[in-house]
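Undergrad: Protein chains in written order, with the numbering used here: chain A, 1 to 321; chain B, 1001 to 1334. From the three backbone atoms N, C-alpha and C, an ideal C-beta is built for every residue, glycine too. Below is one structure. I have some questions about it.
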């Protein structure tokens, strides 16, 4: 098992290299010149522009810039933000916990709730409840995140004032202990719901279909024939089998959820990486963008390795080689 | 007439309500199995014999539904039982094994855990004791290195071994009746014989009765005491194996026996039954076999023949016997 994990990690290394390469050239292929962003709207002479360009190494050939960049990444130096004038790594690490907290909660809530609802719906296929929940799920599945976020804000934060409108904590709330935990939890409710809806709908729909397929399989008949109660048939015999493909999809969806963090965090002014990414795009802050892409890609790769490992733990037919 | 049978079904009707129509899979089936006896239910694929077995276990799932009839097991009517009461019987006194051992075991559960689960449901024993009973059951079905196999997953076993595991699971609580639905169809011929031998052996050791669902008259001759022949959702003939083989009363049974290739037969005498088995959505009027029957008479096309009792435990649903029945029409069981 350990060897299996090590092998999956080793396979990820070349992938990381390729991703860094693609990130780098993708950003450089994009239109716009970082120097002008750096200089802002101030009047400059062409000589001054050239000088700034030279100082930041932006006049070097691309492959030289890339080699420098790769070397820096390996020494954990993601560069210096053009906008914040701070090390990129520090900027990202500052915001990583906020994003992980929000995403982790949303991923857990939506996966668990989605799987449970899907399993329950599959027990009575084509009933009124089943049709109703399918329509609701379809709505959730097709709702734009930014729109849903705004509606949530207007209804629950502005009109009903049940939850705060933005940010991660209130200034007046206690800065430590239980009070702080509760304060953050209150701030998390709306973004977590907004974040979860799409993913929950996806997991629900997939689980429902897979459960229906699994409940029609022969070994379910065996379980019933030996007198296993229906609840145990559904949640022990069927669910574990049905959930295998769902695990894969949840893992794959990790990447989409990260991308989704840009929208959710921007709508709710959540101080996470998605917000940082949004700001960095606006400011053409190349080092921050590239740093974020690298870190985000690493997270997706790690998530996929974790998915593979979970899959191997659930399904004994996967051979650890 | 002996004491009340172990299992008795009377006028059992199970239909499947599919999109293309109502499938009359089981249409008034009556049969009985006495304690310790081996009974065969024989018929072509799609004649409703598996659905009969599932109905006896009350394992019919939508779109299928048991519509009427009586099923009595050890004197208890099963159809009025609550789901919980029915579950106590299933896998306990009344067990079933199935056709394809490759798909009837949960791929994610260890073999031992699957057997232990059945034992814990029916016997008041600790998990440790259940494991010992599971081990005994595996040894009884002659699985080599049974203690190791307990920790195997199904994919690590061959088809024959998996069928043994399923049998071990079914007999772990010493059932008085084991229903076996084509237990050897999916296996190699050599393994088939082993499994059938094993079933006979286990049955002797535990004193269980066997209801064997099969299309193979060879198995019936070798391993069963009595036989029911099923055609298009109905029992068309019943009798002792000896009787039915020596003097088949129903033209369908005769045709079925002629189309079986035995070691004592030459290929030249092998025949097939003309035509196709009828649709169970719209079965033929009158006798359901009449369109394929070489001996069909005029009334066969219009009137459905009743069950004519032709002696102790012998009956046929065929107009040819309208004059032979000692007590007229519809003779009771016995």
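Give me the chain C residues within the contact set of residue 1092/B, using Cβ-Cβ distance strictly less than 7 Å, ordered along the chain.
TA: Structure shown: chain C not included; protein chains present are A and B.
Undergrad: Compare the C-beta of residue 1100/B against all C-beta atoms of chain A and say whether one is closer than 8 Å.
TA: Counting from 1 along the second chain, the entry for residue 1100/B is found at position 100. Yes - at least one Cβ of chain A is within 8 Å of the one on residue 1100/B.
Undergrad: Of the choices 275/A, 225/A, 290/A and 252/A, whose alpha-carbon is the least far from that of residue 1104/B?
TA: The residue given as residue 1104/B occupies position 104 in the second chain. Ranking the options by Cα distance to residue 1104/B, first place goes to 225/A.
Undergrad: Spell out the partners DSSP gives residue 1213/B in its beta bridges.
TA: Taking the second chain and counting its residues from 1, the one referred to as residue 1213/B is at position 213. DSSP, once it has assigned bridges, lists 1041/B and 1181/B as partnering residue 1213/B.
Undergrad: Name the residues in the region 1145 to 1178 of chain B whose C-beta lies less than 8 Å from a C-beta of chain A; which are they?
TA: If the cut-off is 8 Å between Cβ atoms, the region 1145 to 1178 of chain B has 1153, 1155, 1166, 1169 and 1170 near chain A.
Undergrad: Are the beta-carbon atoms belonging to residue 1219/B and residue 1177/B less than 8 Å from one another?
TA: Position 219 of the second chain holds residue 1219/B. Position 177 of the second chain holds residue 1177/B. No, the pair does not count as a contact, with Cβ atoms beyond the cut-off.
Undergrad: From the beta carbon of residue 1063/B, is the nearest beta carbon of chain A less than 8 Å away?
TA: On the second chain, position 63 is the one that residue 1063/B refers to. Not an interface residue.
Undergrad: Specify whether the region 99 to 111 of chain A and the region 198 to 215 of chain A touch according to this definition: at least 3 beta carbon pairs, one from each stretch, less than 8 Å apart.
TA: Verdict: yes, contact present.
Undergrad: Round the Cβ separation of residue 1172/B and residue 1127/B to the nearest angstrom and send it over; I've been treating them as touching at under 8 Å.
TA: Numbered from 1 along the second chain, position 172 holds the residue referred to as residue 1172/B. Numbered from 1 along the second chain, position 127 holds the residue referred to as residue 1127/B. Contact doesn't hold; Cβ gap of about 14 Å is too wide.
Undergrad: Does the CB of residue 1096/B have a neighbour CB from chain A at under 8 Å?
TA: By one-based count along the second chain, residue 1096/B stands at place 96. Chain A contact via Cβ: present.
Undergrad: Can you name the residues that DSSP bridges to residue 1240/B?
TA: Residue numbering aside, residue 1240/B sits at position 240 when the second chain is read from its first letter. Answer is 1226/B.
Undergrad: What's the gap between the Cα of residue 1294/B and the Cα of residue 1147/B?
TA: Translated into the one-based positions of the second chain, residue 1294/B becomes position 294. Translated into the one-based positions of the second chain, residue 1147/B becomes position 147. Cα to Cα, the separation comes out at about 56 Å.
Undergrad: Quick one: what's got a C-beta closer than 7 Å to residue 15/A's C-beta in the same chain, skipping five residues either side?
TA: In the first chain, residue 15/A corresponds to position 15, counting from 1. Result list for residue 15/A: 301, in chain order.
Undergrad: What do you get for residue 1160/B, buried or exposed, if any count of 16 or more other CB atoms within 10 angstroms of its CB means buried?
TA: Here residue 1160/B refers to the residue found at position 160 of the second chain. Label assigned to residue 1160/B: buried.
Undergrad: Anyone know if the C-beta pair for residue 1314/B and residue 1225/B falls short of 8 Å?
TA: As a position in the second chain, residue 1314/B is number 314, starting the count at 1. As a position in the second chain, residue 1225/B is number 225, starting the count at 1. The answer is no: Cβ separation not under 8 Å.
Undergrad: Please report how far the alpha carbon of residue 236/A lies from the alpha carbon of residue 1237/B, in whole angstroms.
TA: Mapped onto the first chain, residue 236/A falls at position 236. Mapped onto the second chain, residue 1237/B falls at position 237. So the two alpha carbons sit approximately 43 Å from each other.
Undergrad: Hey, would you say residue 1209/B sits closer than 8 Å to residue 1036/B, going by beta carbons?
TA: Taking the second chain and counting its residues from 1, one reaches residue 1209/B at position 209. Taking the second chain and counting its residues from 1, one reaches residue 1036/B at position 36. The answer is yes: Cβ separation under 8 Å.
Undergrad: Is the beta carbon of residue 1188/B less than 8 Å from the beta carbon of residue 1098/B?
TA: Here residue 1188/B is taken as the residue at index 188 of the second chain, counted from 1. Here residue 1098/B is taken as the residue at index 98 of the second chain, counted from 1. No. Outside cutoff.
Undergrad: Which residues share a DSSP beta bridge with residue 1311/B?
TA: The count along the second chain starts at 1 and reaches residue 1311/B at position 311. The partner list for residue 1311/B (beta bridge, DSSP) is empty, contrary to what the question assumes.
Undergrad: Following the continuous alpha helix (DSSP H) through residue 279/A, name the residue where it begins and the one where it ends.
TA: Residue numbering aside, residue 279/A sits at position 279 when the first chain is read from its first letter. Run containing residue 279/A: 273 to 282, per the alpha helix (DSSP H) assignment.
Undergrad: Name the two residues that bound the continuous beta strand (DSSP E) containing residue 1095/B.
TA: To locate residue 1095/B, count along the second chain from 1; it is residue 95. Looking at the DSSP string, the run of the beta strand (DSSP E) that includes residue 1095/B is 1094 to 1097.
Undergrad: Is residue 1271/B helix, strand or coil by DSSP?
TA: Looking up residue 1271/B in the second chain gives position 271. Here residue 1271/B sits in coil by DSSP.
Undergrad: Looking at residue 1229/B: is its Cβ nearer than 8 Å to the Cβ of residue 1252/B?
TA: Sequence index remark: in the second chain, residue 1229/B carries index 229 (1-based). Sequence index remark: in the second chain, residue 1252/B carries index 252 (1-based). Yes.
Undergrad: Let me make sure I understand the geometry here. Which of 287/A, 309/A, 312/A and 299/A has the alpha-carbon closest to that of residue 91/A?
TA: Within the first chain, the letter at position 91 stands for residue 91/A. Closest by alpha carbon: 287/A.
Undergrad: What's the gap between the Cα of residue 220/A and the Cα of residue 80/A?
TA: As a first step, residue 220/A is located in the first chain; it is residue number 220 there, counting from the start. As a first step, residue 80/A is located in the first chain; it is residue number 80 there, counting from the start. Those two C-alpha atoms are separated by around 59 Å.
Undergrad: At which residue ranges does the region 1093 to 1168 of chain B contain complete alpha helix (DSSP H) runs of 4 or more residues, listed in the order of the chain?
TA: Listed in chain order, the complete alpha helix (DSSP H) runs (minimum 4 residues) inside the region 1093 to 1168 of chain B are 1111 to 1122, 1127 to 1140 and 1146 to 1149.
Undergrad: Can you tell me whether residue 1203/B is buried or exposed? The criterion is at least 16 other CB atoms within 10 Å of its CB, across all chains shown.
TA: Position 203 of the second chain, counting from 1, holds the residue named residue 1203/B. By the neighbour-count rule (16 or more Cβ atoms within 10 Å), residue 1203/B is buried.
Undergrad: Please classify residue 179/A as buried or exposed, where buried requires at least 16 neighbouring CB atoms within 10 angstroms.
TA: One-based indexing of the first chain puts residue 179/A at position 179. Classification of residue 179/A: exposed, given that the 10 Å Cβ count is below 16.
Undergrad: Quick one: measure Cβ to Cβ for residue 1095/B and residue 1116/B, integer angstroms, because I've assumed they're closer than 8 Å.
TA: Indexing the second chain from 1 puts residue 1095/B at position 95. Indexing the second chain from 1 puts residue 1116/B at position 116. Between residue 1116/B and residue 1095/B the Cβ distance is about 16 Å, and since that is not below 8 Å, they are no contact.
Undergrad: What would DSSP say about residue 1031/B, mapped onto helix, strand or coil?
TA: For the purposes of this step, residue 1031/B is identified with residue 31 of the second chain, where counting begins at 1. Reduced to three states, the DSSP call for residue 1031/B is strand.
Undergrad: With a CB to CB cut of under 7 Å and the five nearest residues on each side skipped, what residues in its chain are close to residue 1151/B?
TA: For the purposes of this step, residue 1151/B is taken as residue 151 along the second chain, with counting starting at 1. Closer than 7 Å at the Cβ level, and outside the excluded window around residue 1151/B, lie 1110 and 1112.
Undergrad: Which value, in whole angstroms, describes the spacing of the CA atoms of residue 1281/B and residue 1026/B?
TA: Along the second chain, read from residue 1 onward, the residue named residue 1281/B stands at position 281. Along the second chain, read from residue 1 onward, the residue named residue 1026/B stands at position 26. Going from the Cα of residue 1281/B to the Cα of residue 1026/B covers about 11 Å.
Undergrad: Using the three-state DSSP reduction, which class does residue 215/A fall into: helix, strand or coil?
TA: Residue 215/A sits at position 215 when you count from the first residue of the first chain. Three-state result, residue 215/A: helix.
Undergrad: Should residue 308/A be labelled buried (16 or more other beta-carbon atoms within 10 Å of its own) or exposed?
TA: Sequence index remark: in the first chain, residue 308/A carries index 308 (1-based). Label assigned to residue 308/A: buried.
Undergrad: So residue 1179/B packs on residue 1057/B, CB below 8 Å; how close in whole Å?
TA: Counting from one through the second chain, the residue named residue 1179/B turns up at place 179. Counting from one through the second chain, the residue named residue 1057/B turns up at place 57. Confirmed, Cβ separation roughly 7 Å.
Undergrad: Among residues of its own chain, excluding the 5 on either side of residue 1045/B, which ones have a beta-carbon nearer than 7 Å to its beta-carbon?
TA: Your numbering for residue 1045/B matches position 45 in the second chain. So the qualifying residues of the chain are 1215.
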